[in-house]
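Line by line, the protein sequences give chains C and Y.
Under our numbering, think of the first position of the first sequence as 9, with each following residue one higher.
Under our numbering, think of the first position of the second sequence as 1115, with each following residue one higher.
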Amino acid sequence: MATFILGLPYDSNVQPTPDLWVLLALVGLPFAAAAATPLVARALGNRTAYYAAAVAAVCFGLVVTLAGTHGGAAVSWVGPLSVSLGFYVDGLATLVGALASGVGVLVFLYSAGYMRGEPGQPKYYATMLAFMGSMLGVVYAGDLVVLFCFWELTSVASFLLVGHYSDRRDSRYAARKAMLVTVGGGLFMLVGFVLLASTVGTYSLAAMLAEPAATRAAVERAGLLLPILSLVGIGAATKSAQVPFHVWLPDAMAAPTPVSAFLHSATMVKAGVFLLGRVRPILVGDHWTEIFVALGLCTMLVAAILAVCASELKELLAYSTVSHLGLIVAGFGFTGALGSETAVFHILNHAAFKAALFLVAGIVAHEAGTRAFDDLGGLRHDLPITAAVAVVAALGMGGVPPFNGFYSKELLFEASYEFAHHAGGLAWLAPVVAVVGSVFTLAYSLRFLAVFFGERPDTLGHVHRAPWSMTGPPVALAAIAGVIGLGGITAALGAPLAPVESFVGWVVGATLGPEAAGHAASFHYYLPTYVSPAVVMSALAIAGGIVCYLRWRTVRWATRGLLGALPVLRADGWYDGFVYGANHASTRVQRALWTGHLRTYAAWTFVGAVALAGFGYLATGIAVPTAGPTLGAGLTIILAVAAVAAVAAVRAPSHVAGVMALSVVGFAVTVFFVLASAPDVALTQVVVETVTFVVFLVILDKLPSYYGRIERSRAARDAVISVLVGGLVTVTTLVATDASPDAIATYFVENTVEQAGGHNIVNVILVDFRGLDTLGEISVVAMAAVTVLTLIVMRERGETP
Amino acid sequence: MALPALTPQYVLGLAALLVLVVDAFTPTSRKNGLLAGLTALAGVTSAGAAAWLYAGGAGRTTLFDGALAVDASTSFFTAVFGCVAALVAVASYDYVREEPHQSAYYALVLLATAGMSVMAAANSLVTAFLALELVSLPAYALVAYLKRDAGSAEAGLKYFVVGALSSAILVYGISLVYAATGVFGFAALADAVAGNAHVTVLGAGVVMLIGGFAFKTASVPFHFWAPEAYEGAPAPVSAFLSSASKAAGFVLAFRVFLLAFPLAAFEALGIPWTLVFAVLAVVTMTLGNVAAATQTNVKRMLAYSSIGHAGYALIGLAALSGPTSSDVAVVGASFSHLFVYGFTNTGAFLVVALAERWGVGRTFEDYAGLARSAPVASAVLAVLLFSLAGLPVGGGFWTKYALFLGAVQSGLWWLAAVGVVNSALSLFYYSRLVKAVWVDAPDETGVARERPTGIYAAVVVAAVVTVALLVAPDVVFSWADAAARALVSA
């Protein structure tokens, strides 16, 4: 058998471990380049694209040099958290890393034409480069925390890129939506990572992947398999736009088309499926299959239906991307090598045809000025090269033999059939859904192609040829897709495309579970020459697809009707509900708590104090001493007067009356002190009361005399709060004075005469025991008096400079 | 060279007096640059002295008969305060240039900073309270500094009244603790609380102390003043209060609860104070983030977000569980969070100060398209906000991550879950501001903006430090670790 003889580095059995410096350079270079972009853009202007493309090309070169290596490299990063800056290189990383940098080169070249003369170019190229660095970081991460960091950075970069056309409302909405969904999902993923790391005892992916069986056993022992699976699954599903988290991707089409081609077809959305491939060796099992096959196939079908309903090119491509990502997720879902082969091969195929189609859509929109299907048709005369690209790519997308998408879809059919055959029962739904989804896929692929054929609408004005910088990249991508497709024919003739087969086989090997290991590196694909269940399914799908396309109006009417009946399929509801619900809750909390009134804050402060102290009492199991001291008749009367005056102060009709009543309370307390044989304290109280009264009167002069009626509800609330505060103080006083014997008082009674020779204990404390304190106090009072005097004197002189 | 243990505090206090002396001798001349420089120099010097003291590694030094104690946590936080004060002073150079009474402004900043660094050294409830008031009183005056501005004056009044109430509750709590134990010193308290007979009084006192600290840290239930005060105050003062003053409240709370009220003794008495902090942490972070979500005023949004961050930092007190190693980890996480927050949040508020100086208005709409006319400041703002949200663009990611990890390791997985949900929620409103600045279209295009050197320098430094702490967080983490160890295993 004749095969291409090419010395591929990973064919060798002994693979050296990667060099840490190369990895650091690979991930760091785009960030450094992004930081330098504003300066470069100032010098190069519209030619900044070539600078960015050169950076991407260097990265691609580094990815290629790393392809011969396998294993991890790490340097300590955050010691106390035992996080290391770890990298890991294997087949999967090489595949997605090559996509990120290789498609990057093409997209940057395309941008040279597409973004020419647009404002905000430095921002655009800097963010695109930073995105590429983040994506390479995700791909080569050898540590869970490192993976998470770069994962979130891709979301941030996507936020800025989706919002590039800042004057459009939809792009602003879409930017935030894309970020909130993907970053939020990333947080779930982080929790899953923390659980995983806490059961395994390390964050190192490299260590986990070195011993997948032992890692899985540890996770199962801890009983955390399902939580970890779900949490990591949510992270992957949000990033790869799986149902019901697919809401952000169609909106994200508001981004410039090169961004869509780069982020939303070839790279960022592949991060989710990359993650599945990354943890697949560890977590694959029955639960894994149930979750991801169901998720993937459901997404594939729903998104294919939505794509049929689409009314413009990019919307169609967005839903189609969701659908194909569903296919990849389902592929990874199936246990065994066949599933992995489906997913890995489709990652490659999808990146080739979908990026090409996005670039084609960009050319059409750029040159024809519209993206709506109704306004487009017969473009093959105006854009012949683009039309050729579209034929290769769209038929690949539709899964028509011998184009590249056919082979990976065939693998999906085979995997789903085997799965159903093996599991039986409900599992037969899997091949059925796969075929139905493929029917719609082919239908919308043909619809996309139709803009190049048929009648040219009269409304369509003159269409320019696109410049070479814009046609070159899609041609390159379509060439790759076409070559992969031709490989299937040559393989059927006995001459397989060895580099592609062995490369995919190598990548597949990196995603196999421990039980399937050893199956690696024997990947083959070819145009089938015999009848098998998968071939029958393919035939059904293609026939169905063609019928659907011929009955396009009926089909679209039916799917739009379905969508009208089941708006839940679009699933925007949950996101909008969450966002608007959060807004609503926030406004209400804000209104209730921050009224802008000082009295509200004072009220809440009191409530807080009561709640805290109440908790303290409850926690310690309070026992309020009941036996209070008995009061004489005199004291009882005085206290009764004070109580009546307090009530009067609350009910007083004017401020002055209230203050008068308040000072009655104060003077009643003074009398209380007199009767309790504390004349000096009483004297102080008199002075304080008098001063307070005068101050009040002075201030009242400046205040409005009437504030309006108090609402009943607020009065009731205030009453409750004041009773609570009073109760708290009473209880505290009772509890605090209950302590017996009173050590402090006894000490002074015993020592006053003996040590100080005085008989008035209070006086002795002031001038003797605490003499220094008194001195300090006097000094402070004197200083305050001087200050007041100064202020009064200065007031006469007016404001000082 | 062996410095006196209180060098940073001396530097700050003397600098405050020096500022007043300079003003007393040259009351009429223009000297804004001199005063700002003096203040910034004092801040940097005290931070440097703190780092020097930490590097010297003297362990714990008690001074003034045990009233103050200097250890690694003192130097750690003094460095935070010094740096924030320096940033604020540099930014104020532009902000208060046209205002009267500049010397009073800088002297108050220095006095408050001195008070904070004394709080970080407090070793008795009396010095703790005195230091706290030394921070609070200048802070009230600073908030009301723009006294011709109604918002500033009102904010100052509200801050003062709520502050006075909270101080009253704090003093009440201290008196109850004293009634139960008869001592003020932290070490003596730790001995006296073990098997204390007056459990009820002690319990009420301790929770009232929590209330007092909640005021200083702007945590529930004494958080009401924060949005009003931060919104009304001059933006550099808001930055100062929400970063440094908050951190000061926390270091004091940590010192009191780790040194004076050992958890083991309190659990034996039936007062599980970690539970109080756990509840407060949840309520604080949720309330702050929920209220921040729909703010239309940028400064107010940052104010609520700073309440949310108090909630995160409270995890350090809530997730204490007993074993030294896990306690050190979670307290250290809280410390480093406050360190990073000191730079990040100060920077964010100073960008607001910049916007106020440009007169672009206060709401999100006013900030729309700021990136077109001021790309550097806008990039800085995006980095700072994403770091506040806990995204891995700044050191805030590590510290938040460490906090949640610490909570999980102490078995408080629900606390970590609430924290994660809150982080997601916080991204919701931070991204609104980033969107406004970077994505939204401006009303007016091509406005040439002046570039006030001081504020620009301050925000760029803040952003650079924030990003540097993402790349190389070990410096801060190891210092925070030593600081935590000094308190946990004292």
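Note that beta-carbon positions come from the ideal geometry of N, C-alpha and C, so glycine has one too.
Local conformation of residue i per DSSP, three classes
| i | result |
| --- | --- |
| L1177(Y) | strand |
| N1310(Y) | coil |
| G766(C) | coil |
| I13(C) | In this prediction, I13(C) has a pLDDT of 36, which is less than 50 and means its spatial position is unreliable; nothing more can be read from the coordinates. |
| G1299(Y) | strand |
| N1237(Y) | coil |
| A1433(Y) | coil |
| G151(C) | Residue identity differs from the one stated: residue 151(C) is Asp in this sequence, not Gly. Three-state DSSP puts D151(C) in a strand. |
| S212(C) | strand |
| T808(C) | Per-residue confidence for T808(C) stands at a pLDDT of 49, beneath the threshold of 50, marking its modelled position as unreliable; the derived number appears in the next sentence. In this structure, T808(C) counts as coil in the three-state DSSP scheme. |
| S20(C) | Residue confidence for S20(C) is low, a pLDDT of 49 falling below 50, so the modelled location carries little weight and cannot support an answer. |
| T297(C) | helix |
| G629(C) | coil |
| T1477(Y) | strand |
| F1190(Y) | helix |
| T1140(Y) | coil |
| G80(C) | strand |
| L574(C) | coil |
| W256(C) | helix |
| E320(C) | strand |
Cross-chain neighbours of residue i in chain C, by beta carbon under 9 Å
| i | result |
| --- | --- |
| V1276(Y) | L606, Y609, A610 and T613 |
| D1588(Y) | S84, W85, V86, G87 and P88 |
Whole-Å CB distance - residue i paired with residue j, under 8 Å assumed
| i | j | result |
| --- | --- | --- |
| L1468(Y) | P1566(Y) | 7 Å |
| A669(C) | A656(C) | 4 Å |
| V397(C) | A486(C) | 4 Å |
| Y1543(Y) | M1415(Y) | 6 Å |
Chain-ordered chain C contacts of residue i [CB-CB under 7 Å]
| i | result |
| --- | --- |
| L1317(Y) | Note that residue 1317(Y) corresponds to Gly in the displayed sequence, not to Leu. Within chain C, the residues near G1317(Y) are G624, Y625, A627 and T628. |
| V1553(Y) | G171, S174, R180 and A183 |
Closer than 8 Å at the beta carbon, the chain C residues around residue i
| i | result |
| --- | --- |
| A1186(Y) | The contacting residues do not exist; A1186(Y) stays about 14 Å from chain C at best. |
| S1537(Y) | L195 |
| D1595(Y) | P88 |
| I1085(Y) | Missing from the structure shown is residue 1085(Y); chain Y here goes from 1115 to 1604 and no further. |
Within chain Y, the residues that residue i reaches when beta carbons sit closer than 9 Å
| i | result |
| --- | --- |
| F167(C) | S1545, V1548, K1549, W1552 and V1553 |
Interface residues of chain Y facing residue i [CB-CB closer than 7 Å]
| i | result |
| --- | --- |
| V164(C) | F1500, L1505 and V1507 |
| A744(C) | L1290, A1293 and V1315 |
TODO: Can you give me, in chain order, the residues of the region 1334-1353 of chain Y that have a beta carbon less than 8 Å from any beta carbon in chain C?
DONE: V1334, P1335, F1336, F1338, W1339, P1341 and E1342
Open item on the list: What are the residues in the region 143-160 of chain C lying within 7 Å of chain Y by C-beta distance?
Closed with: C157 and E160
TODO: Spell out a yes or no on whether the region 361-378 of chain C and the region 333-350 of chain C are touching, meaning 3 or more CB-CB pairs, one atom from each, closer than 8 Å.
DONE: no
- [ ] May I ask you to list, following chain order, the residues of the region 1352-1371 of chain Y that have a beta carbon less than 9 Å from some beta carbon of chain C?
- [x] none
Open item on the list: Would the region 468-480 of chain C count as touching the region 363-382 of chain C if we require 3 or more Cβ pairs under 8 Å?
Closed with: yes
- [ ] Quick one: which residues of the region 174-196 of chain C get their C-beta closer than 7 Å to a C-beta of chain Y? List them in chain order.
- [x] Those would be S174, D175, R180, A183, R184, M187, L188, V191, G192 and L195, in chain order.
Open item on the list: Short of 7 Å Cβ to Cβ, which residues in the region 117-129 of chain C face chain Y?
Closed with: none
Task: Stretch pair the region 1171-1187 of chain Y + the region 1207-1226 of chain Y: three plus CB contacts closer than 8 Å - done: Because the criterion of three Cβ pairs below 8 Å is not met, the region 1171-1187 of chain Y and the region 1207-1226 of chain Y do not touch.
TODO: Would you check if the region 662-679 of chain C and the region 702-715 of chain C touch, i.e. whether three or more CB-CB distances between them fall below 8 Å?
DONE: Touching, yes.
Task: Where the region 1118-1144 of chain Y meets chain C: residues whose CB sits under 9 Å from a CB there - done: P1141 and T1142
TODO: Quick one: which residues of the region 1260-1284 of chain Y get their C-beta closer than 7 Å to a C-beta of chain C? List them in chain order.
DONE: Residues of the region 1260-1284 of chain Y whose Cβ lies closer than 7 Å to any Cβ of chain C, in chain order: K1272, V1275, V1276, L1279, S1280 and I1283.
Task: Inter-stretch contact (C-beta, 8 Å, three-pair minimum) for the region 27-40 of chain C and the region 64-75 of chain C - done: yes
Open item on the list: Closer than 8 Å is the cut-off here; do at least three beta carbon pairs connect the region 623-643 of chain C with the region 1309-1323 of chain Y?
Closed with: yes
TODO: Identify each residue in the region 567-601 of chain C for which the Cβ-Cβ distance to at least one residue of chain Y is less than 8 Å, and report them in chain order.
DONE: V587, A590, N591, A593, S594, T595, V597, Q598 and L601
Task: Contact the region 1392-1400 of chain Y vs the region 1332-1341 of chain Y: 3+ CB pairs below 8 Å - done: The count of Cβ pairs closer than 8 Å, one atom from the region 1392-1400 of chain Y and one from the region 1332-1341 of chain Y, reaches three, so the stretches are in contact.
Open item on the list: Measuring CB atoms only, is the region 1594-1603 of chain Y touching the region 1525-1536 of chain Y, in the sense that at least three cross pairs come out at less than 8 Å?
Closed with: no
- [ ] Determine which residues of the region 35-57 of chain C have a Cβ less than 7 Å from any Cβ of chain Y, and write them out in chain order.
- [x] none
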